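Note that numbering that gives the first Met the number 0 numbers the sequence shown so that position 109 is 108, with each residue one more than the last. For glycine and all other residues, C-beta sits at the position ideal for the given N, C-alpha and C. Small disclaimer: the values here were computed from a predicted structure and weren't measured. Some notes on the structure that comes next.
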Amino acid sequence: MRYGMQFAQIAVIITVMALASVGARASDLDSNATALATLQAKADQAPPRDRCYLYAELVGQLTDRVGQQFNSGDFGQASESLVLLRRYAVQIDSAVTDDSRKLKDAEMLTRRASFRLSSMLRGASYEDRPALDATLQLVYKAQKNLMMQVFKR
């Protein structure tokens, strides 16, 4: 009888801690979404010479978000985030100018994103691979173009 009570108490404690953890992760995703929306607005309104770096920052944050969404099993949201990620990877290419700021930092952000996406691709299910691969190719292309711009200077 005594062991049954202890087991029940431990089970309740574990359940409460697990629920608190899920709530904390949900609030982290909400705060990340708010920060992401703020960065998107900032990038869209920034002067042309700052946009490349801000778009690279968005790519980095979206890559982290996709990883979190895949890990939590939220494949629908991860798919939507991949669409956004591809959009900003393409915008990096169009935002690179001769007077762009922080090109080396932008290149490092895209290199990290490429690395993370390739890691995700290795562990992805068969259904998720095409979207991840297409995204990886666009981010890699942006990284390569940024590297060329850095060496051009």
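* Contacts around Ala141, its chain only, beta-carbon distance under 6 angstroms, and the 5 residues preceding and following it disregarded -> For the purposes of this step, residue 141 is taken as the residue at position 142 of the sequence shown. Taken in chain order, the residues that qualify are Ala88, Ile91, Asp92 and Thr109.
* **For Leu83 and Asp49, the rounded distance between their alpha carbons** => Start at 1 with the first residue of the sequence shown, and residue 49 comes out as number 50. Start at 1 with the first residue of the sequence shown, and residue 83 comes out as number 84. Computed Cα separation, rounded: 19 angstroms.
* **Cβ-Cβ separation, Lys103 to Val149 (assumed contact under 8 angstroms), whole Å** => Position 150 of the sequence shown, counted from the first residue, corresponds to residue 149. Position 104 of the sequence shown, counted from the first residue, corresponds to residue 103. Right, the Cβ-Cβ distance comes to about 5 angstroms (below 8 angstroms), so this counts as a contact.
* Cβ-based burial, Asp94 [other Cβ within 10 Å; buried from 16] -> As a first step, residue 94 must be located in the sequence shown, where it is residue number 95. Sequence check: residue 94 is Ala here, not Asp. Buried, since its Cβ has 16 or more Cβ neighbours within 10 Å.
* Beta carbon of Leu131 nearer than 8 angstroms to that of Leu81 -> Position 132 of the sequence shown, counted from the first residue, corresponds to residue 131. Position 82 of the sequence shown, counted from the first residue, corresponds to residue 81. In this structure, the beta-carbon distance from Leu131 to Leu81 falls below 8 angstroms.
* Near Thr62, which residues of its chain fall below 7 angstroms by C-beta distance, leaving aside the five closest residues on each side in sequence? -> Position 63 of the sequence shown, counted from the start, is the residue given in the question as residue 62. Leaving aside the five residues that flank Thr62 on each side, the residues in its chain whose CB is nearer than 7 angstroms to its CB run, in chain order, Leu84, Ala112, Arg115 and Leu116.
* Taking the alpha helix (DSSP H) that Glu126 falls in, what are its first and last residues? -> The count along the sequence shown starts at 1 and reaches residue 126 at position 127. No alpha helix (DSSP H) holds Glu126; DSSP gives it neither H nor E.
* For Lys101, does the three-state DSSP call read helix, strand or coil? -> In the sequence shown, the residue the question calls residue 101 occupies position 102. Note: Lys101 maps to coil in three-state DSSP.
* In angstroms with no decimal places, state the Cα-to-Cα distance between Gln60 and Lys151. => Counting from one through the sequence shown, the residue named residue 60 turns up at place 61. Counting from one through the sequence shown, the residue named residue 151 turns up at place 152. Our two residues, Gln60 and Lys151, have alpha carbons roughly 27 angstroms apart in a direct line.
* Candidates Pro47, Leu120, Phe69 and Ala55: which alpha carbon is nearest Thr96's? -> On the sequence shown, position 97 is the one that residue 96 refers to. With distances taken between CA atoms, Thr96 lies nearest to Pro47 out of Pro47, Leu120, Phe69 and Ala55.
* **Limits of the alpha helix (DSSP H) - the one that Pro47 falls within** => Indexing the sequence shown from 1 puts residue 47 at position 48. Start and end: Pro47 to Ser71.
* Opening and closing residue of the alpha helix (DSSP H) in which Val89 lies -> Walking along the sequence shown from the start, residue 89 turns up at place 90. Per DSSP, Val89 is one residue of the alpha helix (DSSP H) stretching across Phe74 to Ala94.
* **CB of Arg100 within 8 angstroms of CB of Tyr52, strictly** => The residue given as residue 100 occupies position 101 in the sequence shown. The residue given as residue 52 occupies position 53 in the sequence shown. In this structure, Tyr52 lies closer than 8 angstroms to Arg100 by Cβ.
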